[in-house]
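K.L.:
This is the structure I have questions about; it appears just below.
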Amino acid sequence: MIVLVLSIHHAHCTTVETIVSSVVSYGARGDGRTDDTKALLDAWNAACSGGGASRRYGSSSYASMVLVPGGRTFVISPVQLRGPCKSLITLQVAGNLVASTRFLTSDETTRDWIVIRKVSGLTIQGGGVLDGRGKQWWPKSCKFDSTQPCHRAPTSLVLHDSERVLVDGLTLVNSQQIHFSIFHSSNVTATNLIVSAARKSPNTDGVHVQGSKFVNLGTITIDTGMPASLSFFLSFPFSLWDDCISIGANTSHVSMRDITCGAGHGISIGSLGNYKSAAFVSNISLDGALLANTTNGLRIKTWPASGGAGLATGISFRNVQMDNVKNPIIIDQFYCDMESSPQGCDHGSGVEVRDVVYENISGSSATPVGVKLNCNHPCTEIVMSNIRLIQTRDGSPCTAECSHVYGRAYNATPPPCLLV
Numbered sequence: 032m033i034v035l036v037l038s039i040h041h042a043h044c045t046t047v048e049t050i051v052s053s054v055v056s057y058g059a060r061g062d063g064r065t066d067d068t069k070a071l072l073d074a075w076n077a078a079c080s081g082g083g084a085s086r087r088y089g090s091s092s093y094a095s096m097v098l099v100p101g102g103r104t105f106v107i108s109p110v111q112l113r114g115p116c117k118s119l120i121t122l123q124v125a126g127n128l129v130a131s132t133r134f135l136t137s138d139e140t141t142r143d144w145i146v147i148r149k150v151s152g153l154t155i156q157g158g159g160v161l162d163g164r165g166k167q168w169w170p171k172s173c174k175f176d177s178t179q180p181c182h183r184a185p186t187s188l189v190l191h192d193s194e195r196v197l198v199d200g201l202t203l204v205n206s207q208q209i210h211f212s213i214f215h216s217s218n219v220t221a222t223n224l225i226v227s228a229a230r231k232s233p234n235t236d237g238v239h240v241q242g243s244k245f246v247n248l249g250t251i252t253i254d255t256g257m258p259a260s261l262s263f264f265l266s267f268p269f270s271l272w273d274d275c276i277s278i279g280a281n282t283s284h285v286s287m288r289d290i291t292c293g294a295g296h297g298i299s300i301g302s303l304g305n306y307k308s309a310a311f312v313s314n315i316s317l318d319g320a321l322l323a324n325t326t327n328g329l330r331i332k333t334w335p336a337s338g339g340a341g342l343a344t345g346i347s348f349r350n351v352q353m354d355n356v357k358n359p360i361i362i363d364q365f366y367c368d369m370e371s372s373p374q375g376c377d378h379g380s381g382v383e384v385r386d387v388v389y390e391n392i393s394g395s396s397a398t399p400v401g402v403k404l405n406c407n408h409p410c411t412e413i414v415m416s417n418i419r420l421i422q423t424r425d426g427s428p429c430t431a432e433c434s435h436v437y438g439r440a441y442n443a444t445p446p447p448c449l450l451v
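Sequential numbering from 32 applies to the sequence shown in the working numbering.
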């Protein structure tokens, strides 16, 4: 069944007709038991092909909508929603989408859940929930059970090779691994999102951006892990949880605003230069964030020189409040994850870090060292302004540790350790 919704724009004397394709009209049950993947895919294909949207009558134009109605739960197996589409398209998720248990118990552990590919002019909205049901997958992770093999797990929502995309008002919970990834895309805005995973979830990043440009992330609340204050966290050999937001290689012009993060690994640039790759990151900004009970606050991490090369530059972190963060400000050019290098790394990075600004950063650290800048390839043009970090336990000033770091500091506590 096709529903036409008229929207009249008087200023330009045009009428926009939205052609609505409900998944229920294509056979979806929405009972929380029946697999509704085919209905979602059929509704998408109908909307993407235009459903009449390629026609133009006088001053009328058309847009398409796929409707996932509210008040129901739709079971979805791995699916790819492909473009290009013949019109602007909206995926209206008012109900709940949950991952198929068959998918989670099969051997298809590398397939992502919902992938949107090669779409231009897309809106995903509606206030619904995407539930990856990761709790059923996590016991198979090597980070949860060391007897299990290590392999990449599925991402809940993947945006790939797309442009002019708005993601607004969704809740993503308990992904198998990463919740939302933006790959090789441009002009993407994600706003009013809630991302949450259970305390012992492995590698459940909130939002990951890689190979993309002109991305805006705003008003996002992310909780993907164990609070930093727990004794379990302090003694565990590696972390189950992961980054709230991570910026991967070959990404530029990313703006982050109004981010709430806790618990988890904080906000990370990287890791960069792994697998002997060339990694370039530039024009990344964060303005306004609260980081609470995270293992890291603001982190830049690059792999050793035996890995790749590249440059991270034009990065700014401004107006950030820390609450009991283990490593509030950290640059680590000796980064190795425990899966790839269980013995650690003893040689520095081939990725250069340059032109990084930290401004108006305040709050409390779970450890005495509030600023830890560990560079091998010298980090240059580092600026610290209005930094005030104190220890959670007694309110005393934090200390700073620096290695091969050049820059300037103004009104900074802990006292700067930068080389001029």
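Cβ atoms here follow ideal geometry from the backbone N, Cα and C, with glycine treated the same way.
1. Are residue 77 and residue 52 closer than 7 Å when you measure CB to CB?
2. According to DSSP, simplified to helix, strand and coil, what is residue 71?
3. Please work out which residues of its chain come closer than 6 Å, Cβ to Cβ, to residue 155, disregarding the five sequence neighbours upstream and downstream, and give them in chain order.
4. Please state the DSSP three-state secondary structure of residue 55.
5. In chain order, what residues of the same chain have a beta carbon less than 6 Å from the beta carbon of residue 459, not counting five sequence neighbours either side?
6. Which residues in the same chain have their Cβ closer than 6 Å to the Cβ of residue 54, if we skip the five residues on either side of it in sequence?
7. Which same chain residues, not among the five before or five after residue 291, have their C-beta less than 6 Å away from its C-beta?
8. Nearest-angstrom Cα distance between residue 393 and residue 65?
9. With respect to the beta strand (DSSP E) encompassing residue 319, which residues constitute its N-terminal and C-terminal limits?
10. Applying the criterion that 16 or more other CB atoms from any shown protein chain within 10 Å of the CB defines a buried residue, is residue 62 buried or exposed?
11. With a 10 Å radius around its C-beta and 16 neighbouring C-beta atoms as the bar for buried, classify residue 446 as buried or exposed.
12. Can you give me the C-alpha to C-alpha distance between residue 349 and residue 143, rounded to a whole angstrom?
13. Going by CA-CA distance only, name the one from 335, 296, 381 and 449 that's closest to residue 389.
14. Report all residues from its chain with a CB closer than 6 Å to the CB of residue 414; omit the five preceding and five following residues, and keep chain order.
15. Residue 310 and residue 339 - do their beta-carbons sit closer together than 7 Å?
16. Smallest Cα separation from residue 222: which of 299, 208, 424 and 238?
17. Examine chain D for any beta-carbon lying closer than 7 Å to the beta-carbon of residue 252, and answer yes or no.
18. Tell me whether residue 115 is buried or exposed, calling it buried when 16 or more other Cβ atoms sit within 10 Å of its Cβ.
19. Tell me whether residue 103 sits in a helix, a strand or coil according to DSSP, three-state version.
20. With distances taken between CB atoms, is the gap from residue 316 to residue 282 smaller than 7 Å?
21. Can you list the beta strand (DSSP E) stretches of 3 or more residues lying completely in the segment 232-256, in chain order?
22. Tell me which same chain residues have a C-beta within less than 8 Å of the C-beta of residue 17, skipping the five on either side of it?
23. Identify the continuous beta strand (DSSP E) that holds residue 401 and give its terminal residues.
24. Rounded C-beta distance between residue 384 and residue 410? I'm assuming under 8 Å.
25. Please state if the CB of residue 195 and the CB of residue 152 are separated by a distance shorter than 7 Å.
26. For residue 295, is the classification buried or exposed, using 16 other Cβ atoms within 10 angstroms of its Cβ as the cut-off for buried?
27. Considering only DSSP beta bridges, list what residue 160 is partnered with.
28. Which partner residues of residue 352 appear in the DSSP bridge assignment?
29. When the Cα atoms are used, what is the spatial distance from residue 224 to residue 276?
30. Given a cut-off of 7 Å, decide if residue 355 and residue 423 are closer than it, judged by their beta-carbon atoms.
31. Enumerate in chain order the residues of its own chain whose CB-to-CB distance from residue 125 is below 7 Å, with the five nearest sequence positions on each side excluded.
32. Where does residue 488 sit, in a helix, a strand or coil, going by DSSP?
33. Do you know offhand how far residue 67's Cα is from residue 56's?
P.N.:
Well, looking at it:
1. Yes, the Cβ-Cβ distance between residue 77 and residue 52 is below 7 Å.
2. Reduced to three states, the DSSP call for residue 71 is helix.
3. Excluding positions up to five away in sequence, the list reads 122 and 198.
4. If DSSP states are grouped into helix, strand and coil, residue 55 belongs with the helices.
5. What the structure shows of the chain is the stretch from 32 to 451, and residue 459 is not part of that stretch, so it cannot be assessed.
6. If the five residues before and after residue 54 are omitted, its C-beta is found closer than 6 Å to the C-beta atoms of 70, 71, 74 and 99, all from its own chain and listed in chain order.
7. Closer than 6 Å at the Cβ level, and outside the excluded window around residue 291, lie 252 and 321.
8. Distance between the alpha carbons of residue 393 and residue 65 is about 50 Å.
9. Its beta strand (DSSP E) spans residues 309-323.
10. Taking all protein chains in view, the Cβ of residue 62 is surrounded by fewer than 16 other Cβ atoms within 10 Å, so the residue is classified as exposed.
11. By the beta-carbon neighbour count (other beta carbons within 10 angstroms, threshold 16), residue 446 is exposed.
12. For the pair residue 349 and residue 143, the Cα-to-Cα distance works out to about 34 Å.
13. Considering only 335, 296, 381 and 449, the residue with the shortest C-alpha distance to residue 389 is 449.
14. Correct list, in chain order: 388, 438 and 439.
15. Annotated as proximal: residue 339 and residue 310, with beta-carbon spacing under 7 Å.
16. Per the Cα distances, 238.
17. Protein chain content of the structure displayed is limited to a single chain, and chain D is not contained in it.
18. Exposed, since its Cβ has fewer than 16 Cβ neighbours within 10 Å.
19. Of the three classes helix, strand and coil, the one that applies to residue 103 here is coil, per DSSP.
20. Contact flag unset, no.
21. The qualifying runs are 238-241 and 244-254.
22. An answer regarding residue 17 cannot be provided, because it is not within the stretch 32 to 451 covered by the chain.
23. Membership of residue 401 in the beta strand (DSSP E) is indicated by the continuous run 400-422.
24. That pair is a contact at about 4 Å.
25. Yes, these two residues count as a Cβ contact at 7 Å.
26. Residue 295 comes out buried.
27. Its beta-bridge partners are 127 and 202.
28. In the DSSP assignment, the residues bridged to residue 352 are 321 and 393.
29. Whole-angstrom Cα-Cα distance: 12 Å.
30. Judged by their CB atoms, residue 423 and residue 355 are nearer to each other than the 7 Å cut-off.
31. The beta carbon of residue 125 sits closer than 7 Å to the beta carbons of 99, 100, 101, 157, 158 and 159 from its chain, once the five residues preceding and following it are set aside; these are given in chain order.
32. Since the first residue shown for the chain is 32 and the last is 451, residue 488 is missing from the structure and cannot be characterised.
33. Those two C-alpha atoms are separated by around 12 Å.
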